[in-house]
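Trainee: Numbering (my numbering), first residue to last: 884 to 997. Just so you know, even glycine gets a beta-carbon here, dropped at the ideal spot from N, CA and C. Every value quoted in this text rests on a predicted model; they were computed, and no experiment measured them.
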Amino acid sequence: VQLQASGGGLVQAGGSLRLSCAASRNILTLSVVGWYRQAPGKQREWVADISRSSGTNYADSVKGRFTISRDIAENTVYLQMDSLKPEDTAVYYCKAVRSTVVSWGQGTQVTVSS
């Protein structure tokens, strides 16, 4: 599956952004779709994911501020990011798992200014 991430940008602390991850196939064929992020000089870290059955999981660092959702008709998974902090600055990637196949989208830069 091909993934297209978009929606990043520059925002002030406390602001919001919504990231989109558009898939090239029906997202119900995917076991899970997740968002990861990588800050400069740091390892890529998991942020949130949503399963085929619509179960959601969040990293502690974003719980209560970020919301992952999906639009099945649009084959798109969203990451609504509220109350953004400077430490949320990173390149955000979406990832999809289908059986044993893992696919990554290109990153989208999120920069939060203080």
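On the DSSP letters alone, give me the boundaries of the beta strand (DSSP E) that R981 sits inside.
Mentor: Its beta strand (DSSP E) spans residues A973 to R981.
Trainee: A973 and F949 - do their beta-carbons sit closer together than 8 Å?
Mentor: Result no, Cβ atoms of F949 and A973 do not sit closer than 8 Å.
Trainee: Could you check whether the segment 904-913 touches the segment 969-987, counting it as contact only if at least three pairs of C-beta atoms, one from each stretch, sit closer than 8 Å?
Mentor: The segment 904-913, when compared against the segment 969-987, does touch it at the 8 Å Cβ threshold.
Trainee: So if DSSP puts D932 in a beta bridge, which residue, or which two residues, is it bridged to?
Mentor: For D932, which the question treats as bridged, DSSP gives the partners G917 and N940.
Trainee: Which residue wins for smallest C-alpha separation from S952, given the options Q885, G898, I933 and R920?
Mentor: Of the listed residues, the one whose Cα sits closest to S952 is I933.
Trainee: If you count every other CB in all the chains shown that lies within 10 Å of the CB of G947, and 16 or more means buried, which is it?
Mentor: G947 is exposed by the Cβ-count criterion.
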